[in-house]
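Participant: Following this message is one structure expressed as structure tokens.
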Amino acid sequence: MTYYLLFQLLPPRYMVKLSKVKTFQAYLDSCERKYSCVHCRAHLASHDELLSKSFQGSQGRAYLFNSVVNVGCGPAEERLLLTGLHAVADIYCESCHTTLGWKYEQAFELSQKYKEGKFIIEVSHMIKDNGWE
46 MTYYLLFQLL PPRYMVKLSK VKTFQAYLDS CERKYSCVHC RAHLASHDEL
96 LSKSFQGSQG RAYLFNSVVN VGCGPAEERL LLTGLHAVAD IYCESCHTTL
146 GWKYEQAFEL SQKYKEGKFI IEVSHMIKDN GWE
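With positions in the sequence shown counted from 1, the corresponding number in the numbering used here is that position plus 45.
Now the structure itself:
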């Protein structure tokens with residue numbers, strides 16, 4: 046498997062080939078409870094940032110987080126979800142580029158405004174790190 050590092054300000058011919066190098070932009074403290082990407086083990090969120098385990102993703106159960114790390118965000122689009130119309134943006138792991146869930150950009154119903162700026166990660170894409178239950 047080969048990874049490429051692309052400098053955004055340079056033309057495509059300046060791509061640098063790397064061999065099996067995975068760098069995470071943020072590391073969560075090793076003694077705290079955290080969630081990681083099941084595919085590449087990049088840290089995603091601290092357990093302290095978990096707001097709810099009662100959400101449904103497109104592929105099953107999902108958790109709502111206040112903040113996440115090592116996650117990229119796609120463009121926002123309006124989607125009709127179980128709780129109404131929302132503007133959401135897909136989020137992906139910055140290490141392995143797996144789509145993890147979405148970010149709530151805007152909620153159109155007053156009762157759903159608390160979700161704005163929060164993140165959904167599907168349970169099938171994350172693991173509990175450090176062997177905690």
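Cβ coordinates follow ideal geometry from the N, Cα and C atoms, glycine included.
In the DSSP assignment, find the unbroken beta strand (DSSP E) run with residue 133 in it and report its ends.
Facilitator: Residue numbering aside, residue 133 sits at position 88 when the sequence shown is read from its first letter. Element bounds for residue 133: 129-138.
Participant: Are the beta-carbon atoms belonging to residue 134 and residue 150 less than 7 Å from one another?
Facilitator: On the sequence shown, position 89 is the one that residue 134 refers to. On the sequence shown, position 105 is the one that residue 150 refers to. For residue 134 and residue 150, yes; Cβs fall inside 7 Å.
Participant: Within 10 Å of its beta-carbon, does residue 59 have 16 or more other beta-carbons around it, so buried, or fewer, so exposed?
Facilitator: Within the sequence shown, the letter at position 14 stands for residue 59. Residue confidence is low: residue 59 scores 45 on pLDDT, short of 50, so the model does not pin down where it sits. No coordinate-derived value is stated.
Participant: Which whole-angstrom value is the C-beta distance of residue 169 and residue 85, which I expect to be below 8 Å?
Facilitator: In the sequence shown, the residue the question calls residue 169 occupies position 124. In the sequence shown, the residue the question calls residue 85 occupies position 40. Residue 169 to residue 85, Cβ: 14 Å. No contact.
Participant: For residue 81, count neighbouring Cβ atoms within 10 angstroms of its own Cβ and tell me buried if that reaches 16, exposed if not.
Facilitator: Counting from one through the sequence shown, the residue named residue 81 turns up at place 36. With 16 or more Cβ atoms within 10 Å of its Cβ, residue 81 is classed as buried.
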